[in-house]
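Data block below; observations after.
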Amino acid sequence: MRVKQALLFFLQLFFIWIIYSTSVQVTRIFHLPIPASVLGMAGLFLLLCSGIVKLHYVELAGSFLNRHLGFFFIPITVGLMDFGGLIKASGLQILVMIAGSTVLGLLVTGGLAHYFSGEERN
Numbered sequence: 006m007r008v009k010q011a012l013l014f015f016l017q018l019f020f021i022w023i024i025y026s027t028s029v030q031v032t033r034i035f036h037l038p039i040p041a042s043v044l045g046m047a048g049l050f051l052l053l054c055s056g057i058v059k060l061h062y063v064e065l066a067g068s069f070l071n072r073h074l075g076f077f078f079i080p081i082t083v084g085l086m087d088f089g090g091l092i093k094a095s096g097l098q099i100l101v102m103i104a105g106s107t108v109l110g111l112l113v114t115g116g117l118a119h120y121f122s123g124e125e126r127n
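Per the working numbering, the very first residue in the sequence shown carries number 6; after that it's consecutive.
Dropping the structure here:
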């Protein structure tokens with residue numbers, strides 16, 4: 006049973022990789038200004054919503070990748086160690102920019118959601 010589950014996992018992972026590789030090629034051929042990973046996620050979402058791809062085709066591999074998502078950020082964090090001097094010199098400005106852009110993004114997203122939902126303001 007474990008061999009069957011492992012094979013299923015790798016087939017699902019391969020299927021997700023095929024979708025990503027296709028999005029890389031589409032982005033490259035059509036010179037699209039969006040990252041291939043975003044295009045791949047949107048494509049997978051559309052395939053799932055349309056019913057062309059069933060959830061159980063990617064659920065095992067997707068759950069595994071989602072569970073271990075934190076590990077994908079470790080290289081980024083380690084890479085920041087090379088910029089210790091920059092962070093020490095400009096850390097406050099960087100923090101203000103990150104916080105400001107986060108607040109601005111939340112306000113714009115909330116405003117657009119409120120506007121497009123058609124709710125009246127009290």
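All C-beta atoms, glycine included, are put in the ideal place defined by N, C-alpha and C.
Pull up the CB-CB distance for residue i and residue j, whole angstroms please, since I reckon it's below 8 angstroms.
i, j, result
"Ser28", "Leu44", "4 angstroms"
"Gly48", "Ile24", "6 angstroms"
"Ala66", "Phe14", "6 angstroms"
Relative to the C-alpha of residue i, which residue among the options is closest?
i, options, result
"Lys59", "Gln30, Gly75 and Phe20", "Phe20"
"Glu64", "Leu18, Asp87, Leu112 and Lys9", "Leu18"
"Trp22", "Leu70, Cys54, Met6 and Leu37", "Leu70"
Indicate the three-state DSSP secondary structure (helix, strand or coil) for residue i in the structure shown.
i, result
"Gly56", "coil"
"Ile23", "helix"
"Met46", "helix"
Is any heavy atom of the ligand NAP found at a distance shorter than 7 angstroms from the C-beta of residue i?
i, result
"Met86", "Absence of the ligand NAP is noted for the structure shown, with no ligands found whatsoever."
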